[in-house]
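Report on the following structure.
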Amino acid sequence: MNITEIKTKKASVYAKNNVVYFKGDFDLLDNQNFLDPFFKEVIKQMADKITFDLSETTFMNSRVINSFVSFFLNRKSGSKVILKVNKLTPWQKTSVKILAKLDPNRIIIEEEVK
554 MNITEIKTKK
564 ASVYAKNNVV
574 YFKGDFDLLD
584 NQNFLDPFFK
594 EVIKQMADKI
604 TFDLSETTFM
614 NSRVINSFVS
624 FFLNRKSGSK
634 VILKVNKLTP
644 WQKTSVKILA
654 KLDPNRIIIE
664 EEVK
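FYI, the numbering for the sequence shown is 554 to 667, going by this note's numbering.
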C-alpha cells in the first residue's frame, strides 16, 4: 500500500508498505476534509495486516477518533490492525484503548518510546 502524503499546516498523513503514518496535530477544522477519503483509500489498498503509527501525533480530537471508528467498522473482515503509540505521550494509549475495544482480538496496541 502506498498513498501520497497529505499535509495541512499542523499535520501530515501517508501510507507506505502497509504502515499509515500520522504526524502532528489532528483537529476538526484542518482535517475533516481529507481523513475520511484517506481512510477509504486505505481500505481499498490494505492487506490482511496494517499498522497505524501514531507515535508522532501530538493531538487528535473526537472527529479524528470517529474517523478511526468508521475505518474499523468498514475494514476488510478478519484484518489485523496494530496501533503504534508513543509510551511517553499518555493520552495516545488512553484514546486508542477505546478503539481497540471495537475488536480486541484484531486491534492491537503497541507502545514505543520516541
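Beta carbons: idealized from backbone N, C-alpha and C, even for Gly.
Whole angstroms are fine: how far does the CA of Phe625 sit from the CA of Lys637? 15 Å
Kindly indicate which residue of Lys569, Asn570 and Ser565 has the alpha-carbon position closest to the one of Lys576. Ser565
I need the straight-line Cα distance from Ile635 to Leu588, nearest angstrom please. 18 Å
In chain order, what are the residue ranges of uninterrupted alpha helix (DSSP H) at least 4 long that sit wholly in the region 591-636? 615-627
Using the C-alpha atoms, what's the distance from Glu665 back to Glu592? Here residue 592 is Phe; the residue named in the question, Glu, does not match the sequence. Cα to Cα, the separation comes out at about 24 Å.
Kindly list the residues whose CB is nearer than 7 Å to the CB of Glu594, restricted to its own chain and excluding five residues on each side of it in sequence; keep chain order. Ile556
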